[in-house]
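Colleague:
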Amino acid sequence: MSDRKLLITGASGKLGKQVIEYLLNDFNIPASQLIATSREVASLAGLAEMGVDVRKADFADPASLEAAFTGADNMLLISIDAIGQRSELHRNAVVAAERVGIKHLSYTSMPAADTSPVVFAFEHEATEKAIADSQISNWTILRNNWYFENLAEFFASTLQTQAWLTAAKEGKSAQLSRLDLAYAAAASVVKALEGKQTFTLNGPESLTTDEMAAKINQALGLDIQVIHQSDEELEAQLASFGLPEGIVAMVTTMDQHARGAFSDGTSQEFEMLTGRQPQSFSHWLEANRNMLSQIAKNA
């Protein structure tokens, strides 16, 4: 891909680190062609030692963004974790990318960002709109389905209590692994497709909560029971655990999202972008059996 400079924001995060690894090892991009940014540039010391150009980029400081993005050709904007602030902070990044002349911008969004009931969907919708309204000629929106890894990172109590509270009913979700989504993001920034593209990135199968629980039980030897509740029952149950209102709202609206089939679908667009099939939930469980079993034991 000639000598174009590829810029990855959030390069110290879990997704960003894996994107950089794929760019270096799978797409054979020289370290000298990569720019990695983070709010804490010290966290990128290892990349700097490899020859990657590391820069500080604070989305709350527009001046730092222009300095960080200058000289890049293709850019991957990885959604930040600051729920409630993302609309403004992402907009700062898009404006800076436009000002420095980014030729292609990719963004990691979420499923059905413009129609989903999830409480933070509006932030992704606003970011997509900011990109569409910009003067950046070529961009790719990556509507990433939920990570398998959320099971371990945010819903560990499901493994520990062996009770899965849900209001999703028979709603299906085509989740996939963070590794697969990192590969898709790397492919996007390398290919830099011309024009304005949106890819809905799903896993190879859509599963209900009951189907996911059955696969977990089979892989880990657990006996997770799915407890179906109404939205109101789930909200009350979660609140009784002392969870903050924002977390309660996030969990319940994510179940509404599943119930409304906003995460249902096939992996066709993932395969179009990457040229390969994503990992199935069963294969991911097998690959992560030891880690998940340890979480389950820490009840």
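Counted the way full-length UniProt numbering counts, the sequence shown spans residues 1 to 299.
Using N, Cα and C, we set each Cβ at its ideal position, and we do this for glycine too.
#1: If you scan the stretch 51 to 119 from start to end, which runs of the beta strand (DSSP E) of 3 or more residues do you find wholly inside it?
#2: If you measure between the beta carbons of V100 and A130, is that distance less than 8 Å?
#3: With DSSP collapsed to three states, give me the class of I227.
#4: I think Q279 touches S188, with their Cβ atoms under 8 Å apart; what is that distance to the nearest whole Å?
#5: Under the DSSP definition of a beta bridge, which residues are partnered with L199?
#6: Do K56 and A68 have their CB atoms nearer than 8 Å?
#7: Distance, Cα to Cα, V226 vs A121?
#8: Which word fits K196, buried or exposed, when buried means at least 16 other C-beta atoms lie within 10 angstroms of its C-beta?
#9: Count the other C-beta atoms from every protein chain shown that fall within 10 angstroms of the C-beta of E123, then say buried if there are 16 or more, exposed otherwise.
#10: Quick one: any contact between the stretch 152 to 160 and the stretch 35 to 48, if contact means 3 or more CB pairs under 8 Å?
#11: Take E170 and list the residues in its own chain whose beta-carbon comes closer than 6 Å to its own, dropping the five residues that flank it on each side.
#12: I29 by DSSP, collapsed to three states: which one?
#13: Looking at the unbroken beta strand (DSSP E) that takes in L34, where does it start and where does it end?
Modeller: Looking at the atomic coordinates:
#1: 53 to 56, 74 to 77, 104 to 109
#2: Residue numbering aside, residue 100 sits at position 100 when the sequence shown is read from its first letter. Residue numbering aside, residue 130 sits at position 130 when the sequence shown is read from its first letter. Not in contact: V100 and A130 (Cβ atoms no closer than 8 Å).
#3: As a position in the sequence shown, residue 227 is number 227, starting the count at 1. If DSSP states are grouped into helix, strand and coil, I227 belongs with the strands.
#4: Residue mapping note: residue 279 aligns to position 279 of the sequence shown, counting from 1. Residue mapping note: residue 188 aligns to position 188 of the sequence shown, counting from 1. Contact doesn't hold; Cβ gap of about 18 Å is too wide.
#5: Counted from its first residue, the sequence shown places residue 199 at position 199. Here residue 199 is Phe; the residue named in the question, Leu, does not match the sequence. Answer is L142.
#6: Residue mapping note: residue 56 aligns to position 56 of the sequence shown, counting from 1. Residue mapping note: residue 68 aligns to position 68 of the sequence shown, counting from 1. Yes, these two residues count as a Cβ contact at 8 Å.
#7: By 1-based counting over the sequence shown, the position of residue 226 is 226. By 1-based counting over the sequence shown, the position of residue 121 is 121. One C-alpha to the other measures close to 26 Å.
#8: The sequence position of residue 196 within the sequence shown is 196, counting from 1. When all chains shown are included, K196 counts as exposed.
#9: Position 123 of the sequence shown holds residue 123. Burial call: buried.
#10: no
#11: Your numbering for residue 170 matches position 170 in the sequence shown. Around E170: T208.
#12: In the sequence shown, the residue the question calls residue 29 occupies position 29. Note: I29 maps to coil in three-state DSSP.
#13: Position 34 of the sequence shown, counting from 1, holds the residue named residue 34. Element bounds for L34: 34 to 38.
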